[in-house]
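In this note's numbering, the protein residues as written are 5 to 968. From the three backbone atoms N, C-alpha and C, an ideal C-beta is built for every residue, glycine too. All values reported here derive from a predicted model rather than from experimental measurement. These notes concern the structure reproduced below.
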Amino acid sequence: MIKFYYNFIIFMVKKTDYNPNRIDAKWQKFWDKNKTYTTPDKKGDNFYALVEFPYPSGDGLHTGHLRSYTALDVISRKKRMEGKNVLYPMGFDAFGLPAENFAIKTNTAPEITTKKNIANYISQMKSVGLSFDWDRGFSTTDPDYYRWTQWIFIQMFKKGLAYKSVENINWCNSCKIGLANEEVVAGVCERCGGEVVKKEKEQWMLKITEYADRLIDGLDNIDFLESIKKQQKDWIGKSEGAEVDFKIKDTKETLKVFTTRPDTLFGATFMVLAPEHPNVHALEGKISNLVEVKKYISHAKKKTDEERGAEDKPKTGVELEGIKAINPVNNEEIPIFVADYIMMGYGTGAIMAVPGHDQRDYDFAKKYNLEIREVIEPLFSKNEGKDAFREDEKIIERDAAVCVVKHWKEDRYICLQWKNVDWHGLIVGGIKDGEDAVEAAKREIEEETGYASAKFVKELGGKIHAQFYQTLKKENRRAHFHGLYFELEDDKNVGISEKEQAIHDVKWIDKDQVESFLNVPDMKLMWRRLHECEAYSGDGIAVNSGEFDGLETLEFKQKITKWLEKNKVGKSATNYKLHDWIFSRQRYWGEPIPMIKCTECGWLPVPDDELPVTLPKVDDFKPGDDGESPLAKMISWVNTTCPKCGKFAKRETDVMPNWAGSNWYFIRFCDPKNSQELVDKEKAEMWLPVDWYNGGMEHTTLHLLYSRFVFKFLFDIGAVPKSIGDEPYKKRTAQGMILGEGGIKMSKSKGNVINPDDYVAKYGADTLRVYEMFMGPFDQSIAWDDKGVKGVHKFLNKAWSLQYKVGKSDVDQGTLHKSIKKVSEDIDNMRFNTAISQLMILSNELDKQSSIPKDIFEKFVLILSPFAPHLAEELWNSLGHKDSLAHEKWPKYDGGLAKDDSIVIGIQINGKVRDEIELPTDTEPSKEIEKQILSQDKVKKHIGDKKIVKFIHIKNKIISIVVK
RNA sequence: GCCGAAGUGGCGGAAUUGGUAGACGCGCUGGACUCAAAAUCCAGUGGGGGCAACCCCGUGGAGGUUCAAGUCCUCUCUUCGGUACCA
């Protein structure tokens with residue numbers, strides 16, 4: 005009796021409320037002290053998880069950072085428990101404009117602000133229990149780190165990949181800084197939203213274009229989200245075609261153009277130059293309307309890129325009168341225009357205009373009344389399905405008339421809907437021997453619709469071809485459609501035969517409905533020709549192209565390119581949208597570019613033993629109005645001696661862009677303290693490539709592309725071992741953005757920024773972590789919801805109180821094993837939201853028990869721990885374990901126990917669920933089961949006296965009965 | 001314009017290969033506990049009809065394939081991202 009009371013009192017006293025603040029602090033201290041997450045360098049079962057290291061801004065960590073960091077933290081924690089040696093590092097990308105702008109405003113040195121911000125970030129990250137290996141941390145602003153950033157630049161210089169060039173760069177008027185194309189968003193500066201203008205500046209450039217093909221090809225063998233691969237490919241923008249030289253009549257000048265369609269050369273009826281094109285200047289003497297031309301050019305230059313690219317802007321241009329170009333394929337003299345729809349930044353800044361087959365050229369030609377010549381007749385080839393064109397079978401050619409027929413009064417047109425095939429088309433009929441197209445068409449119209457008053461109005465352009473396999477007759481068909489337009493004069497209808505009636509219905513379709521009614525591309529195109537407003541830019545068969553007539557596009561391209569090469573007027577060529585990377589910034593807070601200019605010896609790199617070129621302390625952080633870096637004012641720093649001849653020389657005063665430090669940081673985490681080389685080869689081999697890299701979608705064409713480029717370069721020069729390949733990241737995923745409450749973007753100005761610190765203080769780190777993982781699918785944008793946070797907190801409270809139910813009892817293990825399975829798989833696939841919902845299901849079920857067996861509860865704690873590590877550690881501890889659970893074995897599930905013994909499946913009658921039946925799992929279909937089901941009352945009722953046509957039983961899924 | 005992703009209750013969202021749509025969470029309603037509130041617990045909760053057993057309708061819209069469609073096919077509308085005269 006006494007003992008009973010004693011136990012009872014102990015039991016009462018032990019029970020405490022969930023107090024996250026106490027638990028969080030306790031375990032964070034424990035992990036720090038015991039170096040729980042410090043990663044040893046060793047060969048073997050390693051796993052490198054990486055998240056984008058942040059810029060340490062004054063605002064501190066935001067919820068978006070945490071979504072990414074928590075996700076890979078969950079993955080890292082699970083991998084550790086699965087026995088992997090996990091590297092999950094963190095550092096800071098601390099060079100950049102905010103610290104510099106702050107310095108200009110307050111005259112506080114960027115070092116000081118940066119140091120303070122980094123300390124704050126570290127304490128914030130620790131306060132949410134991210135399992136980073138802090139021993140490997142660094143900042144890109146550490147001289148020990150940027151020494152190697154500078155070293156990489158020098159290696160690029162030595163290989164000819166870094167060069168100085170005068171560029172018409174994007175210049176932000178408010179930041180006073182040159183921007184890469186990637187940093188100009190919608191015509192304004194990505195950072196400050198300020199106006200971007202064009203400015204000529206001498207800049208350091210990196211030849212990323214040399215790696216363009218490898219950057220495309222490398223994507224094939226790595227596990228990146230498809231959307232990322234596609235965006236990178238589009239950004240690089242490779243297109244293959246030819247360069248063609250057009251002579252300018254009576255001069256020695258030629259105009260070089262790039263085209264992806266050399267097969268349309270015979271259709272080139274004029275040329276167009278970009279306003280900035282240098283040849284305009286060179287030809288000034290011959291241009292008779294020079295004043296007009298100059299006026300147009302200066303007007304065009306004033307426009308921003310955005311204005312020039314504005315939607316639906318009518319095309320403008322002016323002809324260069326007095327000069328003509330000569331089309332090399334047919335020696336025709338064609339006019340030359342300057343127009344701002346041609347951009348200097350793409351291709352050669354000049355085009356051959358083919359108005360028949362390019363929509364922009366077409367619009368321009370229409371406006372200025374220029375010749376439009378058709379040189380490609382469309383060919384529609386069926387390539388898929390059983391009626392796909394078969395290369396090796398014989399081909400039967402057929403001429404046919406296609407008729408667009410207008411109503412006698414209204415703006416409606418005849419279409420045919422076939423009855424036995426899914427075909428919505430126009431009136432089509434074969435042209436018989438001795439018949440012309442119009443006669444054939446009239447005959448068909450009368451036969452198929454009964455209307456006899458069709459009056460021929462006009463032809464609808466040239467022929468359209470279609471090829472497919474006729475499955476019934478077992479032959480390839482190639483049909484040549486002649487498009488004809490008719491108008492009915494009256495409503496007289498002579499009727500149609502029964503045979504025709506059985507084939508199709510005649511439909512009168514309103515003008516604006518016709519296009520969507522027609523369901524085959526060749527008919528749609530024929531219909532659109534009635535309105536004469538577009539150029540056909542697809543593939544087809546050549547016409548009006550001299551000796552090349554009759555060739556199909558692909559073959560024509562090859563032949564004409566050979567012809568151009570033979571006649572020395574062109575060659576095959578590849579063009580990219582990607583430009584070389586402008587690598588200079590006229591600012592202070594960045595890595596100094598380690599170059600010296602000697603008037604005698606030219607540009608020379610700073611010798612290796614003088615690296616790093618440290619950033620000198622300055623008093624005035626303002627850039628000069630002429631765009632000079634603040635460093636230019638540091639005369640004593642700028643003046644130096646030439647490393648080659650020893651005479652007076654000057655240092656480069658530009659600094660690197662903030663991408664410089666971030667494009668190789670993941671390499672340094674493998675060996676962060678190495679003073680001899682960028683990275684020790686053996687250590688690089690242990691960790692690289694990165695197994696899993698998660699970050700934001702916004703870095704797809706910037707950081708992610710740049711760092712792949714730099715890594716390939718380091719691979720080429722042997723700075724990283726060859727054995728690891730030339731791709732830095734095996735797998736790349738991206739999280740969705742977190743929006744403010746109500747679904748609007750978080751911003752200071754809107755005052756809807758969520759500060760994670762507040763939630764850590766109020767609910768604890770685990771609630772914040774679990775909420776961020778639970779709020780929705782990881783890759784989708786989602787709005788913050790305070791109510792959801794409370795719900796998660798309730799769940800953790802429940803998990804906490806479950807510990808007081810631990811005791812001896814028998815509890816069914818089914819849900820536990822199902823949960824282990826689901827949580828394991830969901831974490832691997834970043835389906836964190838459903839993993840947590842499964843944990844909730846499990847906790848709800850355990851809560852229903854009067855007592856929970858200890859081993860079940862332990863496993864629950866273990867699979868909860870990646871999401872809520874502090875709570876899990878505390879529970880683990882109170883279960884009697886002394887050590888951290890960070891390296892405990894991840895529970896395994898028993899496939900048998902994860903399955904239910906029996907399963908309830910629905911019984912459908914004529915497609916509707918009417919009843920259900922509980923069957924042992926994996927019950928095979930049998931006559932007995934069928935009998936049992938048919939004897940159930942509800943089933944009997946619904947079948948009534950109808951006859952059973954079909955009885956379907958899919959194991960573990962459904963019973964479906966069809967009755968009549 | 002083009003490319004990509006997505007449209008499911010009051011809300012965030014679940015739903016293997018097509019197989020009982022709405023798991024889990026929020027919110028709401030009712031109840032218990034409380035002097036009261038909060039917290040907690042229990043029950044209910046797609047819409048409509050019916051006392052009820054049940055029935056009808058439901059995954060942006062219109063067609064289609066199938067015994068069976070949120071899921072597959074055709075067309076279409078909307079939203080959100082990316083991109084922009086790319087020759």
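Member of ASN678, ILE564, LEU889 and GLY747 whose CA lies at the smallest distance from the CA of ASN334: Here residue 334 refers to the residue found at position 330 when the first sequence is read from its first residue. Taking only the C-alpha atoms, the option nearest ASN334 is ILE564.
Buried/exposed call for ASN38, threshold 16 Cβ in 10 Å: Within the first sequence, numbered from 1, the residue matching residue 38 stands at position 34. Here ASN38 is exposed, its C-beta having fewer than 16 other C-beta atoms within 10 Å.
Residues near VAL694 by beta carbon distance below 7 angstroms, same chain, minus five either side: In the first sequence, counting from the first residue as 1, residue 694 sits at position 690. Hits under 7 angstroms: TYR52, LEU54, PHE670, PRO732, TYR733 and LYS734.
Cβ-Cβ distance between VAL724 and ASN667 below 8 angstroms: Here residue 724 refers to the residue found at position 720 of the first sequence. Here residue 667 refers to the residue found at position 663 of the first sequence. With contacts defined as CB atoms closer than 8 angstroms, VAL724 and ASN667 fail to qualify as a contacting pair.
Neighbour-count burial assignment, GLY948, 16 or more Cβ in a 10 Å radius: Against the first sequence, residue 948 aligns to sequence position 944. With fewer than 16 Cβ atoms within 10 Å of its Cβ, GLY948 is classed as exposed.
CA nearest to the CA of LEU866, picked from GLN853, LYS886 and HIS891: For the purposes of this step, residue 866 is identified with residue 862 of the first sequence, where counting begins at 1. The shortest Cα separation from LEU866 among GLN853, LYS886 and HIS891 belongs to HIS891.
Cβ neighbour criterion (16 or more within 10 Å) applied to ASP762: Walking along the first sequence from the start, residue 762 turns up at place 758. Result: exposed.
Spatial distance of TRP579 from LYS716 (CA atoms): Along the first sequence, read from residue 1 onward, the residue named residue 579 stands at position 575. Along the first sequence, read from residue 1 onward, the residue named residue 716 stands at position 712. Checking the displayed sequence, the identity of residue 579 turns out to be Asn instead of Trp. Their Cα atoms are separated by approximately 21 angstroms.
VAL518 to LEU277 span [Cα, whole Å]: Counting from one through the first sequence, the residue named residue 518 turns up at place 514. Counting from one through the first sequence, the residue named residue 277 turns up at place 273. The straight-line gap separating the alpha-carbon atoms of VAL518 and LEU277 is approximately 39 angstroms.
Unbroken stretches of the alpha helix (DSSP H), 4 residues or longer, contained in the segment 906 to 954: Runs of the alpha helix (DSSP H) inside the segment 906 to 954: 931 to 938 and 941 to 947.
Reduced DSSP category for TRP512 - H, G, I as helix; E, B as strand; rest coil: One-based indexing of the first sequence puts residue 512 at position 508. Three-state result, TRP512: strand.
DSSP-derived helix/strand/coil call for GLY594: By one-based count along the first sequence, residue 594 stands at place 590. If DSSP states are grouped into helix, strand and coil, GLY594 belongs with coil.
Whole-angstrom distance between LYS528 and GLU969, CA atom to CA atom: No information on residue 969 is available, as it lies outside the stretch 5 to 968 that the chain covers here.
Environment of GLN739 [buried if 16+ CB atoms lie within 10 Å]: Within the first sequence, numbered from 1, the residue matching residue 739 stands at position 735. Under this definition GLN739 is a buried residue.
Proximity to GLU244 [Cα-Cα], best of ASP770, ASN480 and ASP267: As a position in the first sequence, residue 244 is number 240, starting the count at 1. For the residues ASP770, ASN480 and ASP267, the minimum Cα distance to GLU244 belongs to ASP267.
DSSP state of ILE27 mapped onto helix, strand, coil: One-based indexing of the first sequence puts residue 27 at position 23. In this structure, ILE27 counts as helix in the three-state DSSP scheme.
Residue span of the alpha helix (DSSP H) that contains PHE861, given as start and end: In the first sequence, the residue the question calls residue 861 occupies position 857. Taken as a continuous stretch (DSSP letters only), the alpha helix (DSSP H) holding PHE861 covers 858 to 868.
LYS581 versus THR320 - alpha carbon distance: Position 577 of the first sequence holds residue 581. Position 316 of the first sequence holds residue 320. Whole-angstrom Cα-Cα distance: 24 angstroms.
7 angstroms CB neighbourhood of ASP45 in its chain, flanking five on each side removed: As a working note, residue 45 is residue 41 in the first sequence. Close CB contacts of ASP45 within its chain, under the 7 angstroms cut and outside five residues either way in sequence, are with LYS687 and MET690 (chain order).
Residue from ALA458, LYS459, SER679 and THR618 whose Cα sits closest to the Cα of GLU595: By 1-based counting over the first sequence, the position of residue 595 is 591. Nearest option by C-alpha distance: THR618.
LEU923 versus VAL908: straight-line alpha-carbon distance, rounded: Mapped onto the first sequence, residue 923 falls at position 919. Mapped onto the first sequence, residue 908 falls at position 904. Between LEU923 and VAL908, the C-alpha separation is close to 6 angstroms.
Residue range of the beta strand (DSSP E) that includes VAL322: Stepping through the first sequence from its first residue, residue 322 is reached at position 318. If you look at VAL322, you'll find it in the beta strand (DSSP E) that goes 321 to 330.
The segment 485 to 496 / the segment 400 to 412 touching (three or more Cβ pairs under 8 angstroms): Taking a contact to require three or more Cβ pairs closer than 8 angstroms, the segment 485 to 496 and the segment 400 to 412 qualify as touching.
Through-space distance from GLU104 to PRO60, alpha-carbon basis: Mapped onto the first sequence, residue 60 falls at position 56. Mapped onto the first sequence, residue 104 falls at position 100. Spanning the alpha carbons of PRO60 and GLU104 requires a straight line of approximately 13 angstroms.
Backbone CA spacing between VAL406 and ILE937 [nearest angstrom]: As a position in the first sequence, residue 406 is number 402, starting the count at 1. As a position in the first sequence, residue 937 is number 933, starting the count at 1. Taking C-alpha positions only, VAL406 is separated from ILE937 by approximately 59 angstroms.
Sequence-distant residues of the same chain with beta carbon closer than 7 angstroms to LYS886, five excluded per side: The residue you call residue 886 lines up with position 882 of the first sequence. A distance below 7 angstroms between beta-carbons, with the five flanking residues on each side excluded, links LYS886 to no residue of its chain.
Backbone secondary structure at GLU2 - three-state DSSP: For the chain, the structure presents residues 5 to 968; residue 2 sits outside this window and is missing.
DSSP three-state assignment for LYS459, whether helix, strand or coil: Residue numbering aside, residue 459 sits at position 455 when the first sequence is read from its first letter. Note: LYS459 maps to strand in three-state DSSP.
Cβ neighbours of GLU315 in the same chain (closer than 8 angstroms, five flanking residues each side left out): Taking the first residue of the first sequence as position 1, residue 315 is located at position 311. Here the model assigns GLU315 a pLDDT of 45, short of 50, so the residue's position is not dependable and the matter cannot be decided.
Rounded C-alpha distance that separates ASP584 from GLY349: As a working mapping, residue 584 is identified with position 580 in the first sequence. As a working mapping, residue 349 is identified with position 345 in the first sequence. Roughly 12 angstroms separates the two Cα atoms.
Under the three-state DSSP convention, the category GLY795 falls into: Position 791 of the first sequence, counted from the first residue, corresponds to residue 795. Helix.
Backbone CA spacing between SER847 and ALA769 [nearest angstrom]: Position 843 of the first sequence, counted from the start, is the residue given in the question as residue 847. Position 765 of the first sequence, counted from the start, is the residue given in the question as residue 769. Rounded to whole angstroms, the gap between the alpha carbons of SER847 and ALA769 is 20 angstroms.
Secondary structure of GLN680, DSSP reduced to three states: Looking up residue 680 in the first sequence gives position 676. Here GLN680 carries a coil assignment [DSSP, helix/strand/coil].
Cβ pair PHE96, ILE122 closer than 8 angstroms: Locating residue 96 in the first sequence gives position 92, where the first residue counts as 1. Locating residue 122 in the first sequence gives position 118, where the first residue counts as 1. Yes.
Backbone secondary structure at PRO609 - three-state DSSP: By one-based count along the first sequence, residue 609 stands at place 605. Strand at PRO609.
Sheet register partners of VAL434 (DSSP bridge): The count along the first sequence starts at 1 and reaches residue 434 at position 430. According to the sequence as given, residue 434 is Gly; it is not Val. Note: GLY434 sits in a beta bridge opposite ALA404.
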